[in-house]
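Here the structure is laid out as structure tokens; the discussion comes afterwards.
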Amino acid sequence: MTVCEAPGKVYLFGEHAVVYGEPAVPAAIERRAAVTAEPRADDHVRVEAEDLSLDGFTVEYSGGTDDRPDVDVPTPLVEAAMGYVDAAVRQARDAADAPDAGFDITVESDIPLGAGLGSSAAVVVAGIDAATRALGAPLDRRELADRAYRAEHDVQEGQASRADTFCSTMGGAVRVEGDDCEPVAAPNLPFVVGFDGGAGDTGKLVAGVGELREEYGFAADTIESVGDVVRTGEALLADAVPEGEPSPELLAELGELMDFNHGLLAALGVSARSLDSMVWAARDAGAHGAKLTGAGGGGCIVALDASDATETALSFTQGCEEAFRAELATEGVRVVE
Ligand code: PMV
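End of the sequence shown = 337 in the UniProt record's numbering, gap-free, step of one.
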């Protein structure tokens, strides 16, 4: 039996603009998905998930997703989660050259689903890592990140960037620009996440930004401005002492850039009333800055704050279902057992 766990992430800067070739800087957070893989004697895959906001489910099938028409999948959310686990199993079989390998898989996650925190990437990264290790064919991190990207890409029909899967594999802060992905040295950034209990439709939101960009030159300029915010933020991180406590000046400057980034994202039409309320609640409570994270439309915001005040304020904010602190996860995917 092999257990691996991989972190979720927040976007410090750059979502949506990354689709148009601008850089983005996501950062891994200490909220993880754990996947257990136990090889079986047959080619069946049995998947059990406890905490994926799914009320728990168990599905057993043989072969790939295409070969399981008779499996009773209770809800669309379970169907989506199954798709990611199945894509991870396919990548592991391919990597280990074991096309008929079967597994008992258990997924336990404390990352809200589809809310901009990279839950599916964490499941895919931990799943491929656990399954390849269980087959005695562990992958190096670059290959693991690449295969996890391909798995997400397959499930999302081409609509995945490398940001989530690379960040979840490597941990810490990373920089993504097109196919170029590199770790970025970063101090111990203190995040607070506010979750509105919902999820945006990534495809629709990305398409909406695309339409604005076609229609208005200033929307294209807004996207470029997001890129400028990212480049400014990167330069601040490069000057900071890595892995230590961040200075008050750095927190203030990064926070200001996060506020700016949120304003640009709102201009591009991807914020929501719940997200704006949480962003303002965090700022009013003294956070250094706050922005939506991920596709937007609903889901999560991230605030930069080392005190408890923001978490408390968010938990009393209308529209916020859950608020929690999340330190930077310096370690990416790891073997637990
Ligand atoms: O909501 P998430 O974490 O899947 O992030 C989406 C980020 C976008 O830039 C909007 C799309 C993408 O694939 O980069």
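Where a beta carbon is used, it is the ideal one built from N, C-alpha and C, also for glycine.
Asked, Found
"In chain order, each alpha helix (DSSP H) run of at least 4 residues that lies wholly inside the segment 92–134", "119–134"
"Alpha-carbon to alpha-carbon, residue 258 and residue 275", "14 Å"
"Exposure label - residue 296; buried when at least 16 CB within 10 Å", "buried"
"N-terminal and C-terminal residue of the beta strand (DSSP E) that residue 167 is part of", "From DSSP, residue 167 is part of no beta strand (DSSP E) but of the alpha helix (DSSP H) over 163–170."
"Entirely enclosed alpha helix (DSSP H) segments - the UniProt domain \"GHMP kinase C-terminal\" (251–309), minimum 4 residues", "273–284"
"Alpha carbon of residue 335 to alpha carbon of residue 36, nearest angstrom", "10 Å"
"Contacts around residue 160, its chain only, beta-carbon distance under 6 Å, and the 5 residues preceding and following it disregarded", "152 and 153"
"Residue 10 versus residue 298: straight-line alpha-carbon distance, rounded", "14 Å"
"Own chain partners of residue 69 with C-beta closer than 8 Å, once the 5 adjacent residues on each side are dropped", "Note that residue 69 scores a pLDDT of 40, beneath 50, so its modelled location is shaky; the value from the coordinates is reported in the next line. Contacts found: none."
"The segment 118–128 in contact with the segment 312–325 per 3-pair CB rule at 8 Å", "no"
"As assigned by DSSP and simplified to three states, the class of residue 11", "strand"
"Near ligand 1: residue 302 beta-carbon under 7 Å from a heavy atom", "no"
"Enclosing beta strand (DSSP E) for residue 34 [first to last residue]", "25–40"
"Among 111, 135, 171 and 84, nearest to residue 101 - alpha-carbon criterion", "135"
"CB contact flag (residue 112, residue 300, <8 Å)", "yes"
"Buried or exposed by the 16-neighbour rule on C-beta atoms within 10 Å, applied to residue 241", "exposed"
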